[in-house]
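As structure tokens, the structure follows; a few thoughts come after it.
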Amino acid sequence: MTAIRNQAQQLMGSAFDPDEWNNEAARTRVLDGLIDQVLLRQASDNAGMRVSDNQLAQVIRSLPAFADANGEFSTAMYESVILRSGMSAQTFQFRLRRDLLSQQMQDGIASSAFVTPKEAIAVERLRLQQRDINLVRVPAVVAADTPEPTDSEISAFYDSHAEQFQLPERVAIEYLRLTMNDLASAVEIDDAALEKYFEDNKANYSIGEERDASHILLEVPEGAADDEDAAVRAKAEALLTRINAGEDFATLASENSDDAGSASAGGELGAFGRGVMDPAFEEAAFAAAAGDVVGPVRTPFGYHLIKVNEIHPERGPEFAEVRSDIEQAYRRQQAEDIYFGKADQFTNLVYEHPETLEVAASQLGMTVERTELLSAAELRARFGTKVADVAFAPEVMLEGLNSDPVDVGDGDSIALRVVEHVDAAVRPLDEVRADVLAALKADIARDQARSRGQELLQAMQQGKSLADVAVEQGLDVEAHANSTRESIGLDPAIIERVFAVHVEHVDDVENVGVELANGDYVVATVANVRNAGSEMLTDQAVSNTARMLATVNAQNDWARFVAGLRETAEIETFPENI
């Protein structure tokens with residue numbers, strides 16, 4: 206269970222919620238997942254599917270977790286990560302091969318999913334469907350004539366909502382933190398070593414060939430007709446003729462260029478390397494000689510005349526120019542070597558001395574830190590989700606043993622042990638009386654808003670208009686014409702409710718009520734339903750919808766496939782062992 210929880214944490218990152226893994230439902234999910242793994246492994250074996258050693262090696266070499274600072278696969282990094290994960294290389298490769306087989310099977314099923322154009326168009330019409338919505342909001346406010354809650358009412362509310370007023374389960378931890386940043390700051394700097402590093406890595410600091418250029422831009426409006434485009438090009442060609450005849454480029458740029466940012470500077474763009482400008486602009490600029498004026502060059506912005514003022518050839522910087530960058534990179538390199546060396550010791554020491562962190566601290570020159578009592582949420586805020594999950598894992602929280610080092614980021618590992626544990630407990634009423642009273646009043650306000658809103662809804666169903674009931678109750682009517690399922694400014698609960706109403710005829714009006722999360726109650730009318738016409742359906746939008754539907758269909762097909770494996774298999778489970 207712990208190993209699977211840790212894998213889920215690595216996959217989900219900040220979205221992982223440890224509270225969801227400490228209950229019966231979590232155990233059931235884990236059990237179902239294990240069953241599915243076995244069934245899929247059997248299915249892939251029966252289908253004769255295999256992952257070759259070459260395929261496996263290619264996948265391993267492509268995983269970012271095993272890359273060095275230059276993004277290249279590192280054997281040392283691979284071995285270190287595997288070691289810290291608690292697996293052998295053989296176990297990791299076995300699990301990865303198994304996952305790749307499952308992915309191959311899922312990809313094969315997904316590739317068979319399809320959506321017809323008719324289906325995609327129908328869904329896109331619904332997405333773009335418009336409805337006119339008028340509504341009034343009944344605020345969740347306690348009526349002025351409502352009696353103040355009595356002591357017995359407060360006590361009864363407290364008893365029936367005790368979970369709202371409890372202190373969560375908390376732990377205090379001791380921990381050791383090994384970080385690459387701390388190691389980097391402690392690296393002793395030697396100028397000779399920095400200069401050697403610079404010479405060995407000079408190519409990483411070279412500055413590529415650059416062009417210092419100016420331009421005149423004549424914009425072409427988006428979607429312009431051919432004759433309009435041709436007219437702009439003709440204007441650019443006329444300006445080029447004037448430049449070639451001897452007129453000043455900078456003057457013509459300031460008078461004619463549509464690029465406000467550079468026109469005032471005579472069209473000057475400054476120096477730039479490759480990969481900065483539009484490809485067509487870049488190709489023309491880098492093909493020209495110093496002093497040349499080329500064009501017109503067409504880009505998405507319009508037509509350009511480009512003057513190459515100066516060519517800066519590729520050059521390597523002097524050591525003094527990049528010394529600070531060199532020092533930072535050198536520190537990082539040295540710190541990585543130290544970190545991965547210490548990481549192995551770190552793991553071994555906290556494992557070999559499971560009831561204390563002091564031995565590891567002493568041998569590695571580190572200091573054991575301690576926290577106050579913290580909830581899981583507070584631990585997540587301070588150290589991240591991974592640490593919180595480990596701290597509340599039963600074998601760490603209840604047995605007081607060292608955890609394995611937790612990788613919490615780039616070169617940052619924490620080993621911890623729980624030194625104090627306090628169960629969740631309901632706080633005494635006297636201590637939380639003000640909070641209980643506020644929650645009780647909010648509950649009363651919600652009930653009153655709901656009751657009042659339903660009375661308005663009933664009056665409308667008996668013939669009164671929304672405007673009539675709004676005036677009677679002193680409420681304002683909000684008009685939201687042409688609303689869609691993606692309208693911004695409407696509460697999602699309102700959108701969900703009003704678009705769930707089936708309106709058969711365009712002129713029909715339906716009245717609905719919906720309770721919002723803040724306690725307010727909304728009474729709304731839904732009218733004038735308009736489906737999207739063909740002119741509103743773009744090819745791109747329909748294509749996007751088709752892809753989305755195909756993804757959903759593929760997920761459903763996969764779920765049905767796995768369910769089919771379960772139906773035909775003989776399964777015996779032992780949930781008590783999880």
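FYI, in my numbering the residues of the sequence shown are 206 to 783. The beta-carbon is built from N, C-alpha and C at its ideal position, and this holds for glycine as well.
Check, Outcome
"Residues bridged to Lys512 (per DSSP)", "Ser419 and Val498"
"Outcome for Val731 when other beta-carbon atoms lying within 10 angstroms are tallied against a minimum of 16", "buried"
"Residue environment, Met217, which counts as buried when at least 16 other CB atoms sit within 10 Å", "With a pLDDT of only 44 at Met217, under the threshold of 50, the placement of this residue in the model should not be trusted, and no figure is reported."
"Rounded separation between Tyr726 and Val641 - CA only", "23 Å"
"Outcome for Ala643 when other beta-carbon atoms lying within 10 angstroms are tallied against a minimum of 16", "exposed"
"Neighbour-count burial assignment, Val788, 16 or more Cβ in a 10 Å radius", "Look at the range of the chain in this structure, 206 to 783, and you will see that residue 788 is not part of it."
"Identity of the residues DSSP links to Phe278 by a beta bridge", "Ala272"
"Ala620, DSSP secondary structure in three states", "strand"
"Reduced DSSP secondary structure (H/G/I, E/B, other) of Val481", "coil"
"Cβ distance (whole Å) where Ile338 is taken to contact Ser670 below 8 Å", "With a Cβ gap of about 15 Å, Ile338 and Ser670 do not count as contacting."
"Presumed contact (8 Å Cβ cut-off) between Ile619 and Val601, rounded CB distance", "At roughly 12 Å, the Cβ-Cβ gap does not stay under 8 Å, so Ile619 and Val601 are not in contact."
"Counted within 10 angstroms of its Cβ, other Cβ atoms place Glu442 as buried (16 or more) or exposed", "exposed"
"Beta-carbon gap between Met495 and Ile511 smaller than 9 Å", "Looking at the sequence shown, residue 495 is not Met but Ala. Going by C-beta atoms, Ala495 is not nearer than 9 Å to Ile511."
"Val767 versus Asn733 - alpha carbon distance", "44 Å"
"Backbone secondary structure at Asp628 - three-state DSSP", "coil"
"Proximity of Trp763 and Ile287 at Cβ, strictly below 9 Å", "no"
"Backbone secondary structure at Gly507 - three-state DSSP", "strand"
"Separation of Pro610 from Ile209, as counted between CA atoms", "With a pLDDT of 49 at Ile209, under the threshold of 50, the modelled position of that residue is not reliable, and no figure is offered here."
"Spatially closest choice to Leu634 from Asp258, Asp356 and Val347, by CA coordinates", "Asp356"
"Bounding residues of the alpha helix (DSSP H) (the contiguous stretch that carries Gln335)", "Premise fails: Gln335 lies in the beta strand (DSSP E), Gln335 to Val343, not in any alpha helix (DSSP H)."
"Rounded separation between Asp417 and Ala468 - CA only", "16 Å"
"Buried or exposed (CB count within 10 angstroms, at least 16 for buried), Ser219", "Confidence at Ser219 is low in this model, with a pLDDT of 46, below 50, so its placement is unreliable and the value that follows should be read with caution. It counts as exposed."
"Three-state secondary structure assigned by DSSP to Gly546", "helix"
"Distance, Asp304 Cα to Gly546 Cα", "30 Å"
"Paired residues, beta bridge with Arg382 - DSSP", "Ile619"
"Cβ-Cβ distance between Glu541 and Ala270 below 9 Å", "no"
"Helix, strand or coil at Leu216 according to DSSP, with G and I counted as helix", "Residue confidence is low: Leu216 scores 39 on pLDDT, short of 50, so the model does not pin down where it sits. No coordinate-derived value is stated."
"Gly769 - containing alpha helix (DSSP H), residue span", "Asp744 to Thr773"
"Bounding residues of the alpha helix (DSSP H) (the contiguous stretch that carries Glu452)", "Unbroken run through Glu452: none, as it is neither H nor E."
"CA-to-CA distance, Leu422 to Glu460, given in whole angstroms", "11 Å"
"Residues near Val437 in its chain [Cβ-Cβ closer than 7 Å; skip 5 each side]", "Leu423, Val425, Gly507 and Tyr508"
"Paired residues, beta bridge with Arg735 - DSSP", "Gln335"
"Cβ neighbours of Ala751 in the same chain (closer than 6 Å, five flanking residues each side left out)", "Val320 and Ala325"
"The segment 514-533 contacting the segment 545-563, beta-carbon criterion three pairs below 8 Å", "no"
"From Leu261, Asn758 and Gly589, residue whose alpha carbon lies closest to that of Ser580", "Gly589"
"Ala675 vs Gly724 beta-carbon contact at 9 Å", "no"
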